[in-house]
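Protein chains in written order, with full-length UniProt numbering: chain A, 1 to 374; chain B, 1 to 374.
Ideal placement from N, C-alpha and C gives every residue a C-beta, glycine not left out.
In what follows, a single structure is set out as structure tokens and then discussed.
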């Protein structure tokens, strides 16, 4: 069985908004008469091709069938509602969450099962100036929608990031309702970092996205939010960006800085064991590493220094979940299986230390438990 | 035996320059009459304490003795000459390289050995507007200095980064002379990423530094420089930043981008096997991971998919080298051993899969070979 936890949709209502806009994010028609998606204002190219795979449910199901995916937990794609006024964000969040529940509720049943093939992650009207009750209303709407199991969130919060104390009532409501937060990047880092050479989308996608996710979750941890809301269930996009590789450095920097040295209840590395990670990293060593890092979290409670790579990998795999990032990363030539998907599946198969049980968990079982799909 | 390859010095001549300045980088005297180092103009605090450990050779040797370090390969500290005019950079580079050779040449002998206790990494006058012959003269000066074994370099190159074709003659000269390039961060990323909360230096140091190194070496690789200069020997600070964890994602993004998909001779992951990494990551799993990533490089030539974590770790350890980052990360309270150093030593001891041979290699042997100290 195979469950995809990282798969996006621009629902028709959202695509219409993008078509109506004259600045990014927008969908425009180029000189060849083709629709193109421009996500960021400073994108150097003329945007990316966009079509039915972005909004047509049949295209999603067809992609799933082609790659043997049984169930997808579909989330809205960046930049969500970030660019809207509070009033527009509030009403569009309500409508899109309703649309997504309908999209999932009317999806086909999984063969010989009562499960649907599509479940969803809604969104919140997180924009500067929104009232907290409006955000809480969206949390409540999602919690009541039978096929929505959480929400996808960018890194800006109410405009000041995820370490903003004003978000505490939102975290509390999400925690109380047992909803999953899927944390996903959009902005990268300041594009001056990428220099003047023409490198397509490689640098913002390969580096900027994971840098942004890493920064957001680090600021969240540093704010003590996990100490206040220890039952929050956060899934990090792209295998946690670079947080795993920087986690001991982060712990050391905290230890050596008088301003933050005694702020948190735990060593910074402890908090990585409270997170979930998609398995969208394209290589077996990367997946293996994340599973070790998750596993060692416990040692920062028990004081044990026992580090056994292969055993750690087995245990940590329980917090890793297969994903595709569909409809992004399509093959340069069409019709064959998507290389991006095949690579992630091959990576799961190739992790040294994972047996049949761990591979099946990462492919499906962990997601069914995490999203309470049964 | 223990060799420290990541240890910095602000030589007296350089400290004098910093004291003469009224904007960062500068050394100022605060209201309490203490000298403070302000490295970046937008640092939120009043800079960091600075003293003899930054410039006094006796303090360096004393630190080495305290931690059992036999030999240090000392490098200049950021921001090097980045802030100077071409004329000042050229003359200060010449003088500082002379000073550093003297600093090493007159250092004590290692007990019962003809080796000195200090070797050095010089610097180049890499600033916008400098002439390439001036840079080449500095390469030549370093190559002729008996105790200098390479140079430390920031990420700006001639102002446009390390993917600037204008640097090709510099790479060629460095390669031909067999000098090591120690690539080190200074600028981080745009500080707007860190938000409004007071977190001391944690975010720019723990995240910004590794992000910068990762971006610089990725741009270097993407420019095809390793295809043109395959014998360049580059050592990455802080265990390569986040390049290892992002390397399969990078390879995938390159594969999926028509602008760069066919530019390089090799899969992006191949190039990680051409690099060296300091072991300044503060955790055993991080070191283990880097050694696996180095090792898998070969598989992208042979097409083998055999991944055996513990064997890979042994092989990859040969490109990893102990470091301290002295005089940075001093303990919050003084006199005891530096926690930052102890953690890096404990991490080397705790890597699952490294035996006595690998640990001794990372502690000393790899560095002696890499820097040709014999």
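Review point. So who's on the other strand from residue 182 of chain B, going by DSSP bridges?
Key: B:152 and B:235
Review point. Do you know whose CA, among B:233, B:51, B:174 and B:167, lies nearest residue 141 of chain B's CA?
Key: B:174
Review point. Residues in the stretch 277 to 293 of chain A with C-beta within 7 Å of chain B's C-beta atoms, listed in sequence order?
Key: 281, 282, 283, 284, 285, 286, 288, 289, 292 and 293
Exercise for review: Tell me whether residue 114 of chain B is buried or exposed, calling it buried when 16 or more other Cβ atoms sit within 10 Å of its Cβ.
Suggested key: exposed
Exercise for review: Whole angstroms is fine: what's the gap from residue 266 of chain A's alpha carbon to residue 278 of chain A's?
Suggested key: 24 Å
Practice item. Would you mind telling me which residues of chain A sit closer than 8 Å to residue 343 of chain B, beta carbon to beta carbon, in chain order? Key: 248 and 252
Check your understanding: Quick one: Cα of residue 73 of chain B to Cα of residue 275 of chain B, how far?
Key -> 18 Å
Check your understanding: Just how far apart, CA to CA, sit residue 16 of chain B and residue 232 of chain B?
Key -> 33 Å
Check your understanding: Taking 8 Å as the CB-CB limit, is residue 8 of chain B close to chain A?
Key -> no
Check your understanding: Cβ of residue 211 of chain B within 8 Å of Cβ of residue 242 of chain B?
Key -> yes
Review point. Given that a residue counts as buried once 16 or more other Cβ atoms are within 10 Å of its Cβ, and exposed if not, what is residue 192 of chain A?
Key: exposed
Review point. By the criterion of Cβ-Cβ separation under 7 Å, what are the contact partners of residue 371 of chain A in chain B?
Key: In chain order: nothing, as chain B lies at least about 24 Å away.
Check your understanding: Beta carbon of residue 38 of chain A, beta carbon of residue 24 of chain A: below 8 Å?
Key -> yes
Review point. What residues of chain A sit near residue 261 of chain B, judged by a beta carbon separation below 7 Å?
Key: 332
Review point. According to the Cβ coordinates, are residue 128 of chain B and residue 158 of chain B closer than 8 Å?
Key: yes
Practice item. Could you work out which residue in B:293, B:284 and B:290 is closest to residue 308 of chain A when comparing CA atoms only? Key: B:284
Exercise for review: Whole angstroms is fine: what's the gap from residue 230 of chain A's alpha carbon to residue 167 of chain A's?
Suggested key: 15 Å
Practice item. Check the Cβ-Cβ distances between residue 329 of chain A and every residue of chain B, and say whether any is below 8 Å. Key: yes
Review point. Exposed or buried, which one is residue 222 of chain A when buried takes at least 16 other CB atoms within 10 Å?
Key: buried
Exercise for review: Just tell me which of A:112, A:217 and A:118 has its CA closest to the CA of residue 105 of chain A.
Suggested key: A:118
Review point. Is it a yes or a no for the stretch 78 to 92 of chain B touching the stretch 354 to 372 of chain B, going by three-plus beta-carbon pairs under 8 Å?
Key: no
Check your understanding: Name the chain B residues whose beta carbon is nearer than 7 Å to that of residue 195 of chain A?
Key -> 160, 161, 163 and 219
Check your understanding: Relative to chain A, which residues along the stretch 133 to 163 of chain B have a C-beta separation below 8 Å, given in chain order?
Key -> 160, 161 and 163
Point to revise | beta strand (DSSP E) segments (min. 3 residues) lying fully within the stretch 232 to 301 of chain A | key: 233 to 236 and 275 to 278
Check your understanding: By a C-beta neighbour count over all protein chains shown, 10 Å radius and 16 as the cutoff for buried, is residue 199 of chain A buried or exposed?
Key -> buried
Practice item. Can you pull the chain B residues whose beta carbon is under 8 Å from the beta carbon of residue 215 of chain A, in chain order? Key: 193, 194, 203 and 207
Check your understanding: What do you reckon, are the CB atoms on residue 2 of chain B and residue 363 of chain B nearer than 8 Å?
Key -> yes
Check your understanding: Using a Cβ cut-off of 9 Å, which residues of the stretch 351 to 369 of chain B contact any Cβ in chain A, in chain order?
Key -> 351, 352 and 353
Point to revise | Counterpart residues of residue 38 of chain B in DSSP-defined beta bridges | key: B:26
Exercise for review: Counting only the same chain and skipping the five closest in sequence on each side, list residues whose C-beta sits under 7 Å from that of residue 368 of chain A.
Suggested key: 3 and 374
Check your understanding: Mind checking residue 68 of chain B: buried by the 16 CB within 10 Å criterion, or exposed?
Key -> exposed
Exercise for review: Check whether the stretch 245 to 259 of chain B touches the stretch 329 to 336 of chain A, counting contact only when three or more Cβ pairs, one atom from each stretch, lie closer than 8 Å.
Suggested key: yes
Exercise for review: Quick one: residues in its chain with C-beta nearer than 6 Å to the C-beta of residue 182 of chain A, no 5 flanking neighbours on either side, listed in chain order?
Suggested key: 75, 121, 152 and 235
Point to revise | Opposing strand residues paired with residue 8 of chain A [DSSP bridges] | key: A:75
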